[in-house]
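Participant: Here the protein sequences line up with chains H and C, keeping their order.
In case it helps, this note's numbering puts the first sequence at residues 1 to 10.
In case it helps, this note's numbering puts the second sequence at residues 11 to 221.
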Amino acid sequence: SSSRPVHDEL
Amino acid sequence: MNIFRLVADLLHLASIFILLLKIQQTKSCAGVSLKTQALYFVVFVTRYLDLFTHFYSVYNSLMKLFFIASSAYIVYLMWKPYRPTYSASTDTFRAEFLIVGAALLGLAFPDSWHILDILWSFSIYLEAVAILPQLFQMTRTGEAETITSHYVFALGAYRALYLMNWIYRYYTEGYMDVIAWVAGAVQTILYADFFYIYLTRVMRGRLFSLP
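1) Reducing DSSP to helix, strand and coil, say where Phe146/C ends up.
2) Would you kindly work out how many angstroms separate the C-alpha atoms of Ser1/H and Asp8/H, rounded to a whole number?
3) Identify whether Ser122/C lies in helix, strand or coil by the three-state DSSP scheme.
4) If you pair each beta-carbon of the region 34-47 of chain C with each one of the region 61-76 of chain C, do three or more pairs fall below 8 Å?
5) DSSP has Ala154/C in a bridge; who is on the other side?
6) Quick one: what's got a C-beta closer than 6 Å to Met174/C's C-beta in the same chain, skipping five residues either side?
7) Name the residues in the region 117-137 of chain C whose C-beta lies less than 7 Å from a C-beta of chain B; which are they?
8) Quick one: grab the DSSP three-state call for Arg169/C.
9) Quick check: the Cα distance between Asp60/C and Leu10/H, rounded to an integer number of angstroms?
10) Can you give the beta carbon distance from Ile189/C to Ile134/C, rounded, assuming they're within the 8 Å contact cut?
11) Please determine, among Phe65/C, Leu165/C, Pro221/C, the residue with the shortest C-alpha to C-alpha distance to Ala138/C.
12) Would you mind stating whether Leu49/C and Leu126/C have Cβ atoms separated by less than 8 Å?
13) So is Tyr69/C buried or exposed if we call it buried at 16+ other beta carbons inside 10 Å?
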């Protein structure tokens, strides 16, 4: 699951 | 974090305070779409489930908690104490179509097949169109209280600044998020008519009224 995209925006 | 994104987030925050101020000052939620507000609550709850799985920053977590809590509070205010002032007869956009459409898009084009990413994608697609019941209501009634139009303008400006944030991030970080970009562009375009009327009328001290 470490390849999941990162969503750092609100 | 860059200036476009920071100002955008603060405008988003401001829009919520403007809406709460409108309800409190006029002691009425007339002209505010409960459907749009309920959709925003669904958007925030489905998008911010990563509060439990991923920590970005105190700023990020506090903003997420605020957006969930404030949207729940607004829905509560309109549903219970201010219910008698709610203009249900003009809030007639079929919001269920938006939910079904966003759900289908989320399943067809998810960011990944992880359940949290499907819900995230659903929330991005739903946010893009969540303002439609509000815009539809303003079109039906032909005008809106000035403070309500300030609320919609702050929301639209927040979206427009996110577009600039993405251009900036693309060139400075190589950041890409196609789902958010496409949905965000659609979302901003939906405000185009409103922006025009707001800038030509409300800014000159007149009511938001359709020409």
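Idealized CB from N, CA, C, for every residue including glycine.
Keep in mind it's a predicted model, so treat the numbers as computed, not measured.
Facilitator: To lay it out plainly:
1) For the purposes of this step, residue 146/C is identified with residue 136 of the second sequence, where counting begins at 1. Helix.
2) Stepping through the first sequence from its first residue, residue 1/H is reached at position 1. Stepping through the first sequence from its first residue, residue 8/H is reached at position 8. With a pLDDT of only 46 at Ser1/H, under 50, the local geometry of the prediction cannot be trusted, and the value read off the model is given with reservation. Each residue's alpha carbon lies about 17 Å from the other.
3) Position 112 of the second sequence, counted from the first residue, corresponds to residue 122/C. DSSP places Ser122/C in coil when its eight states are reduced to three.
4) no
5) Here residue 154/C refers to the residue found at position 144 of the second sequence. In the DSSP output, where bridge partners are listed per residue, Ala154/C has Phe218/C.
6) On the second sequence, residue 174/C is found 164 positions in, with the first residue counted as 1. Excluding residues within five positions, the ones whose Cβ falls inside 6 Å are Phe14.
7) Here the protein chains are H and C, and chain B is not one of them.
8) Numbered from its first residue, the second sequence carries residue 169/C at position 159. Of the three classes helix, strand and coil, the one that applies to Arg169/C here is helix, per DSSP.
9) By 1-based counting over the second sequence, the position of residue 60/C is 50. By 1-based counting over the first sequence, the position of residue 10/H is 10. So the alpha carbons of these two residues sit roughly 11 Å apart.
10) By one-based count along the second sequence, residue 189/C stands at place 179. By one-based count along the second sequence, residue 134/C stands at place 124. Yes, Ile189/C and Ile134/C are in contact; Cβ-Cβ is about 6 Å, under 8 Å.
11) In the second sequence, residue 138/C corresponds to position 128, counting from 1. Ala138/C has its Cα closest to that of Leu165/C, out of Phe65/C, Leu165/C, Pro221/C.
12) Stepping through the second sequence from its first residue, residue 49/C is reached at position 39. Stepping through the second sequence from its first residue, residue 126/C is reached at position 116. Going by C-beta atoms, Leu49/C is not nearer than 8 Å to Leu126/C.
13) Translated into positions along the second sequence, residue 69/C becomes position 59. Exposed, because fewer than 16 other Cβ atoms sit within 10 Å of the Cβ of Tyr69/C.
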